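There are 2 protein chains.
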Amino acid sequence: MRFKIKSRIWIEVDEHVFLGGGRVRLLKAIEETGSLSKAARSLKISYKKAWILIDSVNKSANEPVIVSSVGGKNGGGMLLTPYGKKLISTFDDINHGCWNYLDTQLKKLENL
Amino acid sequence: MRFKIKSRIWIEVDEHVFLGGGRVRLLKAIEETGSLSKAARSLKISYKKAWILIDSVNKSANEPVIVSSVGGKNGGGMLLTPYGKKLISTFDDINHGCWNYLDTQLKKLENL
DNA sequence: TAGCGTTATTTCCCTATAAATATAACACTA
DNA sequence: TAGTGTTATATTTATAGGGAAATAACGCTA
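Chains as they are written, first to last, in the working numbering: chain A, 885 to 996; chain B, 885 to 996.
The structure is reproduced here in structure tokens:
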């Protein structure tokens, strides 16, 4: 029997999702591209969906995660704040730790 | 900032979900009630949804998880096999361990 | 001033998921 | 034999979520 243990973790604030895998992927894409529309294209999700995700992150956080500018040289853009960068690296850290834990548990299923 | 780290784990076989929180809840309700229809009513999900969940568990497992009988004294029913009982207790064990790990990580978010 | 590429937001439509309904088969009971 | 409460399955109906498109505002550039 070939088992795999999968997991998904997310952070909630006031019973609402604040940060999860999808939001972290999006934040990383914003960090790389410098814009929400480019990030959405690179992840092949609609701009609307990307905007809703970022909007909910902003509304849940009490410290800025991204700063956006509209108009200007290249039309504007989005940038991660230092707090935002720390947030995604901490999320990744915890997530990897969770995977490592689950790997150690696999044998419990295999010799069941 | 009041953070909570939430998680969901599940077991896959051949890239398909074999066992997750919902299926485990349903199996426990079957163990308590002795029937799939009673279990579905107690969890307030439709019989159809419950049947699809159990059907996929049966198809993924290569050892029986439940045995069902149709017709008869009380119309029939469903029972967990010893393997099925071991499966849900192991799942619960791993799941609680995951929660414990995540609790230890919460401080990383709080003093960020 | 016209054009551009963004952010920001609304509206409409479609589709995929879930719920509700219906039906068959079954084996016991009265 | 009629009735009952299951399992098992198909069909129809409703609902919610996502995608596409349209629109506005913005501030730089040429």
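Note that beta-carbon positions come from the ideal geometry of N, C-alpha and C, so glycine has one too. Computed from a predicted model, the values in this text were never measured in an experiment.
| query | result |
| --- | --- |
| S921 (chain A) to V949 (chain A), Cα distance in whole Å? | 17 Å |
| In angstroms with no decimal places, state the Cα-to-Cα distance between A993 (chain B) and R909 (chain A). | Correcting the residue type first, residue 993 (chain B) is Leu in the shown sequence and not Ala. Taking the straight line from one Cα to the other gives about 18 Å. |
| For the region 889-901 of chain B, which residues have a CB atom closer than 8 Å to at least one CB atom of chain A, in sequence order? | I889, K890, S891, R892, I893, W894, I895, E896, V897, D898 |
| Residues in the same chain with beta-carbon distance under 8 Å from L927 (chain A), minus the five sequence neighbours each way, listed in chain order, please. | R909, L910, A913, A934 |
| Who are the Cβ neighbours of E896 (chain B) in its own chain at under 8 Å, not counting the five residues just before and after it? | F902 |
| Measuring CB to CB, does E947 (chain B) end up less than 7 Å from Y967 (chain B)? | yes |
| How about S944 (chain A) and H900 (chain A): are their beta carbons less than 7 Å apart? | yes |
| If the cut-off is 8 Å on Cβ atoms, which residues from the region 972-996 of chain B count as contacting chain A, listed in chain order? | T974, D977, I978, G981, C982, Y985, L986, Q989, K992, L993, L996 |
| Within 10 Å of its beta-carbon, does I936 (chain A) have 16 or more other beta-carbons around it, so buried, or fewer, so exposed? | exposed |
| Can you tell me whether V941 (chain A) is buried or exposed, with buried defined as 16 or more other CB within 10 angstroms of its CB? | buried |
| Does K970 (chain A) have its Cβ less than 7 Å from a Cβ in chain B? | yes |
| According to DSSP, is G955 (chain B) helix, strand or coil? | coil |
| Label L986 (chain A) either buried or exposed according to how many other C-beta atoms from any shown protein chain fall within 10 Å of its C-beta, with 16 as the threshold for buried. | buried |
| In chain B, which residues lie with their C-beta within 8 Å of the C-beta of R886 (chain A)? | V897, D898 |
| Determine the burial state of N979 (chain B): buried for a count of at least 16 other Cβ atoms within 10 Å of its Cβ, exposed for fewer. | buried |
| Quick check: what's the CA-CA separation for K888 (chain A) versus S891 (chain B)? | 16 Å |
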